[in-house]
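The next block holds one structure in the form of structure tokens; read it before the comments.
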Amino acid sequence: WQIGGVLDVDPKETETWRLGDMAVDTLSDLATRDDPFFLRVSFHAPHVACYVPDEYYIDPKTIDLPLPTEEELQSKPKFEQGPLRTYCGADLTREQIDLCRGTYYGMVSLVDVQVGRIVETLKRTGQLDNTIIAFTSDQGFQLGEHGLWKKRVFYDDNVKVPLFFHYPNGLPAGRVIDEPVEMIDFVPTLMDLWGLEVPKNIRGRSLMPLVEGKVRTWRPACFCELDHSQSMYRELRQGTGRRVMVRTKEWKLIYFMDSRVEDKDGALYNLKKDPHEQVNLYDGPKYARVIRRLETLAEKWDRGEI
445 WQIGGVLDVD
455 PKETETWRLG
465 DMAVDTLSDL
475 ATRDDPFFLR
485 VSFHAPHVAC
495 YVPDEYYIDP
505 KTIDLPLPTE
515 EELQSKPKFE
525 QGPLRTYCGA
535 DLTREQIDLC
545 RGTYYGMVSL
555 VDVQVGRIVE
565 TLKRTGQLDN
575 TIIAFTSDQG
585 FQLGEHGLWK
595 KRVFYDDNVK
605 VPLFFHYPNG
615 LPAGRVIDEP
625 VEMIDFVPTL
635 MDLWGLEVPK
645 NIRGRSLMPL
655 VEGKVRTWRP
665 ACFCELDHSQ
675 SMYRELRQGT
685 GRRVMVRTKE
695 WKLIYFMDSR
705 VEDKDGALYN
715 LKKDPHEQVN
725 LYDGPKYARV
735 IRRLETLAEK
745 WDRGEI
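The C-terminal position of the sequence shown is numbered 750 in the working numbering, with every residue numbered one higher than the one before it.
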């Protein structure tokens with residue numbers, strides 16, 4: 445994978461800007477019609493190949509991301525210390541780390557400009573107040589935190605994504621929800637806003653009751669899973685399997701939930717006391733009850749009961 449770098453290229457010649465051009469042109473046309481419209485704009489960046497025009501490169505000195513101590517690394521699960529570090533090629537110099545971070549943040553900034561162009565087009569055409577804008581991403585990215593790069597892990601840096609909706613005619617402004625929600629809720633929420641009935645075979649739920657303040661709690665936890673035995677990377681397939689994350693507001697548990705893997709090789713973090721997930725509590729005897737409670741939630745989720 446490419447660490448990143450700066451290329452002597454006009455920003456308007458990048459794929460990201462050209463996608464922005466297509467979105468602006470399409471919206472300008474759709475706004476002249478009387479029919480309702482739907483437009484999905486999917487930016488490939490930030491993604492490999494990792495490069496940015498010089499003017500969008502972000503000074504790494506302005507990026508405040510922690511690098512792990514040796515003590516933190518030694519406490520991590522064996523899967524992280526071995527296969528994951530091999531997969532991501534973690535031994536980078538400080539110069540390479542800075543280059544990677546400056547490039548990645550620059551790619552994000554270039555996407556941000558395109559989103560701004562889309563919003564300005566809706567303003568110009570008089571459609572902003574009557575248009576639902578939904579913004580999200582597929583996953584986050586490790587940029588050296590916890591000694592890891594890229595993805596395929598369950599740190600918040602990876603599993604948390606931006607998720608916001610803007611619709612002046614139908615949503616309260618400035619509402620922030622701190623309940624655990626998942627991307628399976630994304631489509632049901634949009635369908636609810638559109639006035640469409642959400643099919644019962646969709647596992648997610650519309651977030652509108654939370655947005656409108658009709659309910660105060662949501663799920664007991666949110667979940668992620670990844671079966672590394674199906675990975676395209678050989679070092680992640682060997683001796684591994686289905687790895688699961690259970691996350692509440694206070695706790696996060698990560699372990700192999702797979703009969704093919706004898707060692708659960710877990711990680712447990714107290715997110716209130718350790719929001720950066722640096723202290724692995726999994727082997728602490730006094731946390732056995734917490735671990736069992738979280739495992740029970742995962743088992744219920746696996747059976748479709750959550």
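Don't be surprised by glycine CBs; every beta carbon is placed ideally from N, CA and C. As the structure is a computational prediction, the values presented were derived from the model and not from experiment.
Note on Gln586: 16 or more other CB atoms within 10 angstroms of its CB, so buried under the neighbour-count rule. Beta-bridge partners of Asn714 (DSSP): Trp695. Here Arg561 has Gly464 and Val468 as same chain residues with Cβ atoms under 7 angstroms from its own Cβ, once five neighbours each way along the sequence are excluded. Here the segment 661-669 makes contact with the segment 621-636; the two share three or more CB pairs at distances below 8 angstroms. Looking at Met627, Val485 and Arg687, the one whose alpha-carbon comes closest to that of Leu651 is Met627.
Here the segment 722-741 makes no contact with the segment 629-645; the two share fewer than three CB pairs at distances below 8 angstroms. Here the alpha carbons of His610 and Ile577 stand approximately 5 angstroms from one another. For Gln722, DSSP records no beta bridge to any residue. The way I'd put it, the segment 690-698 does touch the segment 707-725; three or more beta-carbon pairs between them come closer than 8 angstroms. Residue state for Lys522 is assigned as helix, using DSSP reduced to three classes. In this structure, the CA atom of Val688 is about 6 angstroms from the CA atom of Tyr699. Here DSSP, grouped into helix, strand and coil, assigns Leu536 to coil. When the beta-carbon positions are compared, Lys594 and Cys532 come within less than 9 angstroms of each other. Straight-line measurement puts the Cα of Glu679 at about 18 angstroms from the Cα of Asp702. The criterion of a C-beta distance shorter than 9 angstroms is not satisfied by Leu509 and Arg484. Of the candidates Thr684, Phe579, Arg691 and Lys658, Arg691 places its Cα closest to the Cα of Val603. For Asp573, the closest of Gly614, Glu539 and Val555 by C-alpha to C-alpha distance is Gly614. Counting along the chain, the unbroken alpha helix (DSSP H) around Leu634 starts and ends at Phe630 to Trp638. Per DSSP, the beta bridge partners of Thr580 are Leu607. By the C-beta density criterion, Met466 is exposed, having fewer than 16 other C-beta atoms within 10 angstroms. One thing to note: His672 has its Cβ within 9 angstroms of the Cβ of Pro527.
Beta-bridge pairing by DSSP links Arg681 to no other residue. The DSSP-derived three-state label of Gln674 is helix. The three-state reading of DSSP puts Gln558 in helix, counting H, G and I together.
The criterion of a C-beta distance shorter than 9 angstroms is not satisfied by Pro512 and Pro455.
Selection Asp629, Val625, Gly685 and Leu543 evaluated against Leu451 yields Leu543 as nearest (Cα-Cα).
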